[in-house]
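J.: Under UniProt numbering, the letters of the sequence shown match residues 1 to 1104, in that order. The beta-carbon is built from N, C-alpha and C at its ideal position, and this holds for glycine as well. Structure provided below as structure tokens; questions to follow.
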Amino acid sequence: MSASSAFNEEKMGSSSVGEAEYAYDPVSGKIFSSDYNRHDDLKEMLDSNKDSLKLEAMKRIVAMIARGKNASDLFPAVVKNVACKNIEVKKLVYVYLVRYAEEQQDLALLSISTFQRGLKDPNQLIRASALRVLSSIRVTIIVPIMMLAIKEAASDMSPYVRKTAAHAIPKLYSLDPEQKDQLIEVIEKLLADKTTLVAGSVVMAFEEVCPERIDLIHKNYRKLCNLLIDVEEWGQVVIINMLTRYARTQFLNPNLNESLLEDGGSGDKTFYGSDEDEDDDEKENKEKAEAAALAKRKPYVMDPDHRLLLRNTKPLLQSRNAAVVMAVAQLYFHLAPKAEVGVIAKALVRLLRSHSEVQFVVLQNVATMTIRRRGMFEPYLKSFYIRSTDPTLIKILKLEVLTNLANETNISTILREFQTYIKSMDKDFVAATIQAIGRCATNIGEVRDTCLNGLVQLLSNRDELVVAESVVVIKKLLQMQPEKHSDIIKHMAKLTDNIQVPMARASILWLIGEYCEHVPKIAPDVLRKMAKSFTYEEDIVKLQILNLAAKLYLTNSKQTKLLTQYVLNLAKYDQNYDIRDRARFIRQLIVPTEKSGALSKYAKKLFLALKPAPVLESPFKDRDHFQLGSLSHLLNAKAGGYQELPDWPEAAPDPSVRNVEVKESVPEWTKCSSREKRKEKKVEKPFYSDSEGESGPTESADSETNSASASDSASDSEQSRSSSESEESDEGSESEEEKENKNKKKVVKKAVKESESEQSSEEENRKLEKKIKQQEKDSETVSDDEESDSESSQSTSEDSESEAEVKKKAPVSRTPPKPVKKEKKEMSLLDLDDFEPATSPQVTPISTLLSNSLVTDLEGLSLSDSVLAPSTITPSGTLKSYELLHRITGEGLSVEYCFGRQPFSPDANMVAVQLQFTNNSTSETKNLHMKDVKLQSGMRVKEFPEIELLPAGDTASAVMGIDFCDSTQAANLQLCTSTRKFFVSIQPPVGELMRPVFLTENEFKREQGQLMGMNELTEKLILDAKYRNEHAIVQRVTTAAHLSRVPCGSDNECRFAGRTVTSGSLVLVTVATGEEGVAQLTVNCEKMVIGTMLVKDILLALTQ
């Protein structure tokens, strides 16, 4: 086969598929020109009379488009088939036209009448495709036609066509913004659509055309919330983002009054501090501040619509679509109360198992969240550990999150992770890790020295980039306490011969110049070496050499005067103008001449002024002003089309604006027959009772309507209550006035029906009335107080009714009087503020009887429980006591606590705290109990049994357990009596966070060998004269820390061992004594923070 024939065959084969791109005749010279005869076979197929050929041609053309091939030259042949009767062909023709209508506008306009006919097609897909093609023709002439088509499609029977109309709205708006008013009318109409298919698309159109028209959302808000779960995923994202902005304008900030509990204690302090002399102005300011605070201290009640949004979006955290989860997460972060935001953490951590692109976006948002709400992600710390397979960007973001989550409790774990990261081959990641260690050292003072020592060890690393980054971070840390670390400055001065990274060399020179008084001998020699290599250094290094020369000239001019002049002369002729200018400036400043101005007098103050230590902050600190999950947040810059999240309103807008939809449905209820109503009530009653139980606190606002319906008629309380509840849960958007009106109407209707049914049985009614009156007399004699207090609303409403109405309603209402009273009691338990005084006289004796019987049962059953705990713990007189509540602050009640050092039997991971209550007042104290108000993440509290009565002048003791999570952070609690609440805090010394453990000498040495390096702390000390014998040392150490003695063969060593209560981390203490009271204290501990604090406490115990 010849080459030409093979070429021809290849050409024929390709042309048959419709993919030939170039002329096939090499001699013609048209290899690189377009072939005007290509796609002829496809054109012939499209012109044929057979639908099968047309369908095959269209399939091949759409396949070409999908592969990125240009098929625009087929537009005339394709557009002719838009009138084809075959639906399959017509669908593919419209797919092609949507793609090329914008490019071939003139040809598309010729077929516009066909598109208009397509809008009337019986097939919904054809109607939608015709509208899609029409909106793709970007010509202003057909704007009226497009507007008419969109309006007709918005009223179409098919939700798919209405969805397409919503998609066409932004296209028309971008073509002609003057049509905005008409388009808003269409959007308003489509927003009222009840189908899930349309909801997402119309909200997207709303966001594009008129995002400022919040009033369009009011009446559709509840519908959108309820439809949200069934909308397609991208529609959910759009709706959630829109509702986030809507909620920020319509509801109050749920976290506004979160600090009121903490501020509650400050009032007492100002009261007791008022004995001091104060100026009148200060008093006036304080009174104004207190008045403003009181005005703000109205209890926050969440709007039911706000709760509806949070409740309906929460299930979407389990969505398979990462964008939906991220949208719900940002909604909760921006709208939910702080106590409820934690639910998003688990969902976001789940997304970290997705692709790296998803991880990148999620981690950007998590990094921002961890700055404001660190505790949310602390339980998932290990999920942010870095894998070797992670891309560098993901590694750096995870580092950022780990650094933000670092605190005293977990810093030892995080630093251990960082140690392994430094060995990575990824140099950018290693540099970021070293910076993260520096930030941890800055934020957590207890580990600053440990981090600094670790970074100094990195200076001997073989990798120059690691050393250079360590130098830069050490420089920032040394600025905090330079006087303590002159040895490190000397060590870094020696590195100038080896380090070649410009930034690191510049950092070392700045340190030596800034703290030259700490290294007076080394600094001039460093300047001498730098002067030799000045011409070869980078610009940043040259600038620091000039600074070093100037500082040394001012502090040690004898040794460095000539060197400084030499360096200034070299800089005078440097190629860089910044360096030449700096040299000229420094010469005039430090070498005074006749021409030099007054500034030269202040040269020392200028060069040697105290510089503030740098603050190492997260780069994500200021990103939270962008809405989370947005492109602007990702870029940290305002992107085009970004809408800022509105601030919370100071006063709640009128919630009745969202009740518009209910008014339309009122006539439908009034038209129903009484039989239909009864059926509906019977069917819907159990369903709505369930939904009410699920909603819980969200429907607290409905209590007013319930009480109103009960006060209208005691006889019909159950029926009216059930009907009002069914309406509230079904409609959810009625105002209170409308509900009351409805209830009154129904009561009247029922009264009429009941009067008709009761005419035939008047004698039975009279008999029943007599029985009921007798029962009422009996009940009044038994429970007089309850009747007078809790049922006052019923009695007043009954008096206002006419006698005839009472007689008619008596048989229906008063046959079951007891259940009604039970319901009232249940309501009083839910609403303690309104009904507590009424129920207290009867409930209290019952509770005391029950508690006494329970105590006796417990004493017989569990001998080792908290009932006997006070007797097992060492008396508080032999242990150090701490004041928990002063008798003045506690209004006569004083509380002290001590750490009993006995295992807390209910939970071995808790520290036993013995409390001693003293009633110094003249009146008895009732119902003493403890509540946990604000605990750090992970902390747990086991409250002591309630002390029901503490007579005046008496004392009582109790034991409670607290899990401090191996941290010395205080547990903030609330001590409550029957009348008052006091905020108290229990802070443990580090020595009380341990329990003793027995080890042999060999076990001690083996464990100590495993806890070296950063886990070992050593301090030298001189023992006080009275503590130089072994017995005194043991007594002082065991007093400072709850440790046990370890047997030791040497007379000069005392060893102690223990484990932390929560995590069981080993703590080893060694005190080695020498001559003249010189001793060395060594502490080995897995938790570096605990080790550091324990060293301080034991040092104090042995030296004071």
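Is residue 986 helix, strand or coil when you go by DSSP?
T.: If DSSP states are grouped into helix, strand and coil, residue 986 belongs with the strands.
J.: For residue 1054, which three-state DSSP category applies?
T.: Three-state DSSP puts residue 1054 in a strand.
J.: Can you give me the Cβ contacts of residue 1089 inside the same chain, cut-off strictly under 7 Å, excluding the 5 residues immediately before and after it?
T.: The residues are 408, 411, 412, 446 and 447.
J.: Would you mind sorting residue 1094 into buried or exposed? The rule is 16 or more other CB atoms within 10 Å of its CB.
T.: So residue 1094 counts as buried.
J.: From the DSSP output, read off the bridge partner residues of residue 1022.
T.: DSSP, once it has assigned bridges, lists 1078 as partnering residue 1022.
J.: In chain order, what residues of the same chain have a beta carbon less than 7 Å from the beta carbon of residue 608, not counting five sequence neighbours either side?
T.: These residues qualify, in order along the chain: 551 and 554.
J.: Taking DSSP's pairing of strands, which residues face residue 379 in a bridge?
T.: Bridge partners of residue 379: none, in fact.
J.: Pull up the distance between the alpha-carbon of residue 420 and that of residue 384, whole angstroms please.
T.: Spanning the two alpha carbons is a distance of roughly 15 Å.
J.: Tell me where the beta strand (DSSP E) around residue 994 begins and ends.
T.: First-last of the beta strand (DSSP E) with residue 994: 994–996.
J.: How long is the line joining the alpha carbons of residue 969 and residue 159, rounded to whole angstroms?
T.: Whole-angstrom Cα-Cα distance: 59 Å.
J.: Would you give the residue range spanned by the alpha helix (DSSP H) that residue 442 belongs to?
T.: That run of the alpha helix (DSSP H) goes 427–443.
J.: What would DSSP say about residue 981, mapped onto helix, strand or coil?
T.: DSSP places residue 981 in strand when its eight states are reduced to three.
J.: Go through its chain and collect everything with a Cβ distance to residue 83's Cβ below 8 Å, but skip five positions before and after it.
T.: If we look at residue 83 and ignore the five residues flanking it on each side, its Cβ neighbours are 114 and 117.
J.: Spell out a yes or no on whether the segment 1000–1007 and the segment 1046–1064 are touching, meaning 3 or more CB-CB pairs, one atom from each, closer than 8 Å.
T.: Taking 8 Å as the limit for Cβ pairs, the verdict is that the segment 1046–1064 does touch the segment 1000–1007.
J.: When the Cα of residue 429 is compared with those of 398, 392 and 414, which residue comes out closest?
T.: Nearest option by C-alpha distance: 392.
J.: Whether or not the segment 216–236 and the segment 197–205 are in contact is what I'm after, with contact meaning three or more pairs of Cβ atoms, one per stretch, closer than 8 Å; do they touch?
T.: In short, these stretches touch, since the Cβ pair count reaches three.
J.: Going along the chain, which residues of its own chain have a beta-carbon closer than 7 Å to the beta-carbon of residue 380, five neighbours each way excluded?
T.: Excluding sequence neighbours, residue 380 sits near 345 and 349.
J.: Terminal residues of the continuous alpha helix (DSSP H) containing residue 1157?
T.: Coverage of the chain is limited to positions 1 through 1104, which leaves residue 1157 absent and any answer about it impossible.
J.: Spatial neighbours of residue 1092 within its chain, please: C-beta separation below 6 Å, excluding the five flanking residues on both sides.
T.: Around residue 1092: 446.
J.: In the DSSP assignment, find the beta strand (DSSP E) that holds residue 1114 and state where it starts and stops.
T.: This structure gives no information on residue 1114, because the portion of the chain shown stretches from 1 to 1104.
J.: Could you compute how far the alpha carbon of residue 163 sits from the alpha carbon of residue 129?
T.: Their backbone Cα atoms lie some 11 Å apart in a straight line.
J.: Which residue or residues does DSSP assign as beta-bridge partners of residue 929?
T.: For residue 929, which the question treats as bridged, DSSP gives the partners 976.
J.: Could you have a look at residue 1103 and say whether DSSP puts it in helix, strand or coil?
T.: Reduced to three states, the DSSP call for residue 1103 is helix.
J.: Would you kindly check if the distance between the Cβ of residue 177 and the Cβ of residue 204 is under 9 Å?
T.: Contact flag unset, no.
J.: Helix, strand or coil, according to DSSP, for residue 838 in the structure here?
T.: Low confidence applies to residue 838: its pLDDT is 38, below 50, so where it sits in the model is not reliable, and the reading given next is rough at best. Correct three-state label for residue 838: helix.
J.: Using only CA atoms, which one of 476, 196, 230 and 250 lies nearest to residue 217?
T.: The candidate whose alpha carbon is nearest that of residue 217 is 250.
J.: So, is residue 542 buried or exposed, given that buried needs 16 or more other C-beta atoms within 10 angstroms?
T.: The residue is buried, with at least 16 neighbouring Cβ atoms inside 10 Å.
J.: Counting pairs of beta carbons, one from the segment 218–226 and one from the segment 613–621, are three or more of them closer than 8 Å?
T.: No: the two stretches stay apart, fewer than three of their Cβ pairs being nearer than 8 Å.
J.: Taking the alpha carbon of residue 1023 as the point to measure from, which residue in 1074, 936 and 995 has its own alpha carbon closest?
T.: That would be 1074, whose Cα lies nearest to the Cα of residue 1023.
J.: Taking the straight line between their C-alpha atoms, what separation do you get for residue 953 and residue 886?
T.: Cα to Cα, the separation comes out at about 15 Å.
J.: What do you get for residue 330, buried or exposed, if any count of 16 or more other CB atoms within 10 angstroms of its CB means buried?
T.: Buried, because 16 or more other Cβ atoms sit within 10 Å of the Cβ of residue 330.
J.: Would you mind stating whether residue 125 and residue 165 have Cβ atoms separated by less than 9 Å?
T.: Going by C-beta atoms, residue 125 is not nearer than 9 Å to residue 165.
J.: Check for me: the alpha helix (DSSP H) holding residue 469 runs from which residue to which?
T.: Element bounds for residue 469: 464–478.
J.: For residue 40, which residues of its own chain have a beta-carbon under 6 Å away from its beta-carbon, when the five flanking residues on both sides are left out?
T.: So the list is empty, once near-sequence residues are dropped.
J.: On the criterion of 16 or more Cβ atoms from any shown chain inside 10 Å, does residue 474 qualify as buried, or is it exposed?
T.: Buried, because 16 or more other Cβ atoms sit within 10 Å of the Cβ of residue 474.
J.: Which of the three DSSP states, helix, strand or coil, is assigned to residue 914?
T.: It is a strand residue.
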